[in-house]
Amino acid sequence: MPHHALYTHQYFDIKGSHARRPEAAIRWSEGLPAEWREQVVAPLYFDHYKEYLVKAARILGRDEDDQPCYCACCYVLEESPDPARPGSCRELAYAETLRAWRLRDGRWLIHRVIIRHGEQAKARGFFSLSPSMPR
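What the sequence shown shows, in this note's numbering, is residues 258 to 392, in sequence order.
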């Protein structure tokens, strides 16, 4: 299994550039703490964006006014194989996944998980609040 498959979000399965999916196609509230569920704006549909050159993707959920209210993204950075070691392969340098929900008061609840040097066991997720959507 390729390294990036271990670190990417389950819905980043599109090929190339952009795709749109209905609300029922994404479990957008998964990972959202129960105490925050009544305070978030529910998305009606999702736009998916996938990079061609790097292992990165983004999902934007939009509300009835076409404003972003959910955001999920992931990216993976790999180190090139060491030419001095024949048979070596690319190694994970850094991976990050992020999910964010817009609250009814306009703030964003953000959950971020960072993995360094392929050490998945040391990865820890954390929540934060922001006045703006993560970019």
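Don't be surprised by glycine CBs; every beta carbon is placed ideally from N, CA and C.
- At the C-beta level, Leu349 and Ile367 stay beyond 8 Å of one another.
- If you draw a straight line from the Cα of Ala291 to the Cα of Val297, it is about 11 Å long.
- Looking at the DSSP output, Ala314 sits in a beta bridge with Lys307 and Cys331.
- Pairing Ser286 with Arg294, the inter-Cα distance amounts to about 8 Å.
- Sixteen is the threshold: since fewer than 16 other Cβ atoms of the shown chains lie within 10 Å of the Cβ of Lys379, the residue is exposed.
- Comparing alpha-carbon positions, the option among Gln377, Arg381 and Arg369 lying closest to Ser387 turns out to be Arg369.
- Around the beta carbon of Pro343, a 10 Å sphere encloses fewer than 16 other beta carbons of the protein chains shown; the residue is thus reported as exposed.
- Within the same chain, and ignoring the five residues on either side of Pro300 in sequence, the residues whose Cβ sits closer than 7 Å to its Cβ are Glu280, Trp285, Gly318, Arg319, Asp320, Cys326 and Tyr327.
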